Each structure stands twice: as C-alpha cells, then as structure tokens.
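Have a look at the structure below, then the notes.
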RNA sequence: CGGGACGUGGCGCAGCCUGGUCAGCGCGCGUGCCUUGGGAGCACGAGGUCGGCGGUUCAAAUCCGCCCGUCCCGACCA
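Numbering (our numbering), first residue to last: 9 to 580.
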C-alpha cells in the first residue's frame with residue numbers, strides 16, 4: 009500500500025494520558041485513538057495487527073477442531089437471572105433497558121448464551137464432543153481501565169466453550185486447548201509462561217493462565233527455578249513449615265507489655281527487638297457472613313483469594329478503624345487473637361511458632377510469649393499467605409521466584425456448573441439424561457497486541473514480530489523527485505506486492521530522516537531503502553528492525569532475499 | 001469507591017501562588033521558497049467561549065463552590 013493513502017497519524021511526543029509503553033507507542037504510531045476511558049478506535053494500522061492476531065487464533069482453534077460461531081453482544085437478562093449471575097456479577101456488567109423496558113446487558117462473557125444454544129440444539133452424546141468459539145467484542149465496565157489496550161472496557165476476545173460427555177473427555181478437550189493456546193502464543197512471537205490459576209467468578213474446578221512475561225504486567229506469578237511448577241501468586245501454594253511439638257500445658261504464661269504508639273509490624277519488631285517472623289498480626293475482615301480475624305506471621309502477606317476460598321465468601325474487605333475498635337476493643341494496630349470473640353483463621357505458619365508477640369486487644373498494649381494452640385485456638389488453620397521470593401516450591405522443594413506477567417489467555421474446566429444451572433442435558437448411550445461437562449477458554453485478542461509491544465520495543469518505537477506486523481516490509485525511496493529512484497521504488501513495490509509480500513511504500517514528500525523515524529516507530533520488521541548511491545550499484549539496502557543489521561542486496565535478488573527472510577521469521 | 005495528579009488551538013507545555021498590559025511558546029497544519037541518508041531552514045498564514053456551570057470583583061485562565069472528564073496507586077479480569 010501507499011503510505012500517502014493511509015491514515016497513519018504518528019506523534020512525535022508522548023501523549024500525556026499514556027503511561028504504559030504499549031499504550032504510548034500504539035498512540036504515537038497512529039494505531040489507536042481513545043474515544044472514552046477504556047474505549048478505543050482502531051486505525052488502519054492497528055486494525056491490521058489485530059486481524060493478524062485473529063487469523064492466528066482462528067487457524068489454531070480450527071486446527072484443534074473447534075467451530076467458529078458468532079454470538080450476540082447484547083443479551084437478555086433472563087439468561088443471567090437463570091444462571092444466577094445477574095445478581096452476582098456486579099457493576100462490571102453493563103446493564104440497560106430496551107424500548108420495551110426489558111432488562112438487557114452487553115455481554116462480558118458468553119457462558120449463558122452458549123449454554124442456552126447448546127441445550128436447545130444438542131440432545132445426544134452422538135453430537136459430542138462439541139467445541140464452539142467466537143472472536144468478538146466484549147464489554148466489561150471495569151472499575152479502572154488502564155494501560156490502553158491492556159485493560160480496556162471494550163475489547164476483542166476469543167472465547168470458546170466445550171461440551172463433553174464426561175469428565176475424562178472434558179480433560180482431553182482441555183489438553184487440546186492447552187496445546188492450541190501454546191501454539192497461538194508461540195506463533196504470536198510472545199515469551200509466555202503457563203501458570204496454575206484461581207478460577208475466580210467464572211467458577212469451575214481447575215484452570216491455567218497464559219502469561220506474557222513483562223515487567224509492566226499486572227499479575228504476579230510464582231515460578232520454580234528447578235522444576236516446571238508455575239502459578240499465579242493468588243494460587244501459588246505455600247509449603248507448610250515443620251510442625252512444632254504440641255505446646256506444653258504449663259510453661260511460661262504470656263505477659264502484657266505497654267507499647268504506646270507501637271502499631272505496625274516494623275514498630276513492634278523494633279520495640280521488642282524481635283524479628284517480624286516472631287510477631288503474629290491479626291487482620292479483621294468483613295464478609296457477607298460477618299466479621300472474621302485472619303492471623304498471619306508478621307513477615308507474611310495475606311492472600312485474600314485463599315481466604316475467600318477457605319471461607320466460601322465472595323465479599324472480603326478489611327474492616328475500617330471504627331469497626332476494628334468496635335470488634336476488638338482496641339485501635340488498629342493492637343488487635344490480637346487472645347480472647348478475641350471472632351472466628352479465627354490462622355495461616356499454617358502461625359501455628360508452628362513456639363511463641364509469638366501479638367496485639368492485646370487493648371490500645372497501647374501487646375502480649376509477648378503467646379503460644380499458639382495454648383493461648384488461642386483457631387477455628388481453621390490453612391495456607392492463607394502469599395508466597396514470597398525464595399519460598400520453597402510445593403512440588404519439588406526448589407526455590408520459587410516471582411515474575412510479572414500480562415494474562416493473555418485463560419482456560420477453565422467448568423464441570424457442570426453452568427449446564428446444571430441452565431439445565432443443559434443430553435442423552436447418553438444408555439438413554440440416560442446427563443449434564444454436559446463444560447470447559448471455557450478465553451484469549452484477550454486486543455490485549456495480545458499490547459502485550460507484544462510490551463515485549464517488543466526500544467527507544468525508537470515498536471518492534472513487531474513478523475507474524476503480527478502491520479506490514480512486513482517498508483520501502484523507502486530517498487527521493488521521489490529524482491526519476492531513477494522514483495521509478496525503481498515503484499518497480500520494486502510492484503514486484504514485492506505481486507510476490508505476496510506485505511509492503512508499504514513511503515511515497516510521502518518528506519525528507520529521509522522523517523521516513524526513517526516513522527518506520528522505526530511503526531515497528532515494520534524489514535526496511536528497504538532505495539537511494540541514488542546504492543541504486544547506481546544496482547543494489548538496495550535492507551535493514552532489520554530488531555537487530556538493526558544492514559545488508560546490501562542486488563536488486564534482482566531483493567524479492568527472493570525478502571521472501572526468504574519473511575518465511576524464516578514466520579515459520580522459524 | 002478510597003488515595004494522588006491533572007484539564008489552556010490537533011499534540012506537548014508555560015502562565016495561575018502575587019486577578020488588569022495575558023491569551024503565549026515548541027511541534028503539527030496551510031501557502032511559497034529552499035532542502036533531500038536519521039524528525040532541516042526562512043517567510044507569511046489559519047486555528048483557542050483557557051473542561052462546564054455558578055459565585056466573588058470595577059475586572060477572572062488566575063480566587064471560591066459545584067459538576068463533568070482524564071490519568072496514576074489500591075479492591076476486578078482476557
């Protein structure tokens with residue numbers, strides 16, 4: 009295509025609104041423009057990249073035997089009432105009424121719609137397994153959209169849903185999706201890691217997330233340096249410490265110590281000249297089932313997902329200062345488990361302490377020499393903390409390391425959660441009615457575009473992997489005034505285009521510096537420069553965006569060299 | 001929603017504390033000349049109800065109040 013005919017509004021300066029690299033560069037390269045918070049226009053170049061991602065996803069889903077469908081974005085409330093999620097989903101679900109005052113929503117996900125479709129159309133085990141997917145606009149009214157395409161409110165997602173006769177078959181499908189996803193992200197040129205994940209509000213029993221490794225990632229993952237264990241931080245298991253002998257019946261009783269103004273773990277540790285690991289902190293949480301206390305070692309951080317899962321609650325938030333005082337009788341900073349009339353949930357590490365320092369539930373006082381199991385008895389003991397750097401691996405005992413990642417894919421085993429809720433059944437070989445075993449599989453298509461930039465950029469701009477680049481080759485004539493250069497540029501352009509190369513000819517009346525800057529900013533993998541000096545030798549210059557390597561090639565070999573290079577980068 | 005920052009031609013910003021002479025700079029845009037291997041130069045020119053509403057004042061971009069919008073940090077997720 010001709011540059012002058014495209015709409016590529018590049019920006020010299022960073023827009024004030026963009027912080028994340030991918031957001032800045034997508035704006036600067038003229039690929040997207042914001043319409044409202046978390047809602048973007050895709051300009052021609054941005055759309056070309058998006059379509060590349062979609063094509064890869066489509067090919068690999070089809071290869072894995074999934075069938076493409078297209079479901080409506082607007083959905084009736086009835087289905088959501090039936091599944092129970094109309095009440096549960098919260099404000100993220102964009103709701104509105106149509107002209108007949110019927111409740112509707114803009115689909116954030118499509119379990120209800122797909123299950124409804126399948127329960128109407130699929131009645132026999134002979135039609136299974138069935139795996140349906142779509143690539144479509146989703147809307148989630150995010151609390152805080154950010155980082156451009158990484159967390160938009162409206163975004164493009166590939167969502168797929170599988171239906172199997174039983175758990176074992178569902179497992180086979182899940183594995184096939186796992187492999188298809190791995191192929192997709194590999195083809196997109198992404199450096200990713202697969203981690204075990206919490207299932208969250210989608211529900212189900214088991215799930216994996218596909219994380220693109222990037223420092224700007226919103227997710228933290230724990231990865232073993234020795235084996236292949238990797239998990240989202242919210243899922244990563246902490247290894248139980250060695251058990252401590254049961255506390256002696258007698259022994260030294262605990263003492264109350266006046267600690268005015270000493271509230272935080274750091275302050276308490278300094279006051280008692282103790283390590284944070286010898287302190288037990290008491291967090292007061294509100295839940296829909298009432299307040300609870302969570303006990304953790306002073307050097308550990310609570311994992312609220314684990315707490316939610318243990319308690320079986322969906323609302324969990326720290327109680328405010330007034331509420332803490334009401335429940336414990338003391339200001340924040342002096343809560344403790346001894347004598348506290350709240351259900352106590354203790355992290356397992358707390359229970360292996362021989363003795364610890366805790367709040368006294370009296371302002372300005374702490375207790376020293378408190379023996380867990382003797383002086384207080386938790387209602388439940390479990391793994392409730394976040395793992396930390398160098399924690400032991402729960403599988404092999406090696407060391408865990410923490411990494412940042414962007415979630416680009418998530419696969420779930422749903423089991424029969426939705427098929428039961430929506431009464432979606434089929435007849436098995438024995439003529440018995442059974443619920444479908446479901447799985448669901450999501451890919452953030454537009455997020456991949458951003459993730460690829462987070463991983464592929466330098467000070468000059470984007471560095472697209474060949475598979476995602478909006479164009480494979482940028483052709484830059486040094487001068488359009490000079491007839492020889494101009495003629496050569498158009499001849500090469502026609503030849504490359506005819507050979508199926510995606511080539512962009514920069515035919516603008518600009519100085520070469522401007523074209524070079526824009527070419528780097530746009531991230532086109534291969535740049536071909538045609539100038540009078542090289543043309544006089546019958547050659548062209550090829551520059552590789554990533555390596556910055558420059559080679560000179562005879563004009564009559566140019567097409568072959570380029571097509572070979574493109575093929576090599578696409579198929580490795 | 002809690003905490004922070006911000007809103008001035010298309011983009012990036014200054015001016016605001018200390019109200020008046022303040023609507024300005026750079027980039028971009030248009031025209032002409034000139035230039036052509038890393039965002040050139042000169043000249044002329046177009047473009048802004050200073051986010052909105054209300055208040056204080058002789059006078060408001062500037063002070064006060066409310067509202068709207070945007071971004072960043074936390075609770076949600078592809």
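Note that CB positions come from ideal geometry on N, CA and C, so glycine has one too. Keep in mind the model is a prediction, meaning the values are calculated, not measured.
Distance, residue j Cα to residue i Cα
i: residue 474; j: residue 480; result: 6 Å
i: residue 395; j: residue 244; result: 7 Å
i: residue 411; j: residue 205; result: 14 Å
i: residue 464; j: residue 58; result: 16 Å
i: residue 328; j: residue 308; result: 21 Å
i: residue 339; j: residue 326; result: 14 Å
i: residue 518; j: residue 194; result: 37 Å
i: residue 186; j: residue 268; result: 56 Å
i: residue 261; j: residue 226; result: 46 Å
i: residue 529; j: residue 215; result: 37 Å
i: residue 350; j: residue 251; result: 25 Å
i: residue 147; j: residue 565; result: 49 Å
i: residue 283; j: residue 266; result: 19 Å
i: residue 103; j: residue 493; result: 58 Å
i: residue 478; j: residue 117; result: 28 Å
i: residue 489; j: residue 501; result: 17 Å
i: residue 20; j: residue 515; result: 20 Å
i: residue 386; j: residue 392; result: 13 Å
i: residue 577; j: residue 555; result: 13 Å
Proximal residues to residue i (C-beta, below 6 Å), its chain only, five neighbours per side dropped
i: residue 32; result: 22 and 26
i: residue 553; result: 471 and 533
i: residue 9; result: 512
i: residue 537; result: 484 and 549
i: residue 72; result: 184 and 188
i: residue 285; result: 305 and 307
i: residue 60; result: 476
i: residue 198; result: 220
i: residue 42; result: 48
Integer Cβ distance of residue i from residue j, believed to fall under 8 Å
i: residue 163; j: residue 454; result: 5 Å
i: residue 352; j: residue 301; result: 5 Å
i: residue 561; j: residue 550; result: 6 Å
i: residue 321; j: residue 297; result: 6 Å
i: residue 461; j: residue 540; result: With 8 Å as the limit, residue 461 and residue 540 do not qualify as a contact, their Cβ atoms being about 35 Å apart.
i: residue 158; j: residue 357; result: The Cβ separation is near 34 Å, so there is no contact.
i: residue 421; j: residue 182; result: 6 Å
i: residue 175; j: residue 443; result: Contact flag wrong, Cβ pair sits at about 11 Å.
i: residue 91; j: residue 62; result: Contact flag wrong, Cβ pair sits at about 28 Å.
i: residue 332; j: residue 354; result: Not a contact, Cβ separation roughly 18 Å.
i: residue 270; j: residue 402; result: So it is not a contact: roughly 35 Å between Cβ atoms.
i: residue 85; j: residue 115; result: Actually they are not in contact, since the Cβ atoms of residue 85 and residue 115 sit about 12 Å apart, beyond 8 Å.
i: residue 264; j: residue 373; result: 6 Å
Beta-carbon proximity list for residue i, same chain, < 7 Å, skipping 5 on both sides
i: residue 123; result: 426, 427, 430 and 432
i: residue 336; result: 292, 343, 348 and 369
i: residue 242; result: 206, 311 and 313
i: residue 571; result: 507 and 509
Backbone secondary structure at residue i - three-state DSSP
i: residue 528; result: helix
i: residue 322; result: coil
i: residue 433; result: strand
i: residue 31; result: helix
i: residue 450; result: strand
i: residue 474; result: coil
i: residue 41; result: strand
i: residue 154; result: strand
i: residue 561; result: strand
i: residue 413; result: strand
i: residue 438; result: coil
i: residue 54; result: helix
i: residue 60; result: helix
i: residue 71; result: helix
i: residue 355; result: strand
Residues near residue i in its chain [Cβ-Cβ closer than 8 Å; skip 5 each side]
i: residue 141; result: 69, 74, 75, 76, 77, 166, 167, 168, 169 and 449
i: residue 45; result: 153 and 161
i: residue 132; result: 434 and 435
i: residue 228; result: 240, 241, 410, 411, 412 and 413
i: residue 416; result: 193, 198, 200, 218, 219, 220, 451, 452, 455, 456 and 459
| field | Ranges of the beta strand (DSSP E) found wholly within the stretch 172-245, counting only runs of at least 3 | value | 200-204, 214-221, 227-232 and 238-240
| message | List, from N- to C-terminal side, the alpha helix (DSSP H) runs of 4 residues or more that fit wholly inside the stretch 85-131. | response | 85-91, 93-96 and 119-129
| said: My parser needs the beta strand (DSSP E) runs of 3 or more residues fully inside the stretch 369-411; what are they? | reply: 373-378 and 388-390
| field | Completely contained beta strand (DSSP E) runs for the stretch 251-327, where each covers 3 or more residues | value | 263-266, 288-295, 300-305 and 324-326
| said: Please give the ranges of any beta strand (DSSP E) in the stretch 483-544, keeping only runs that are unbroken, at least 3 residues long and fully inside the region. | reply: 511-513 and 534-538
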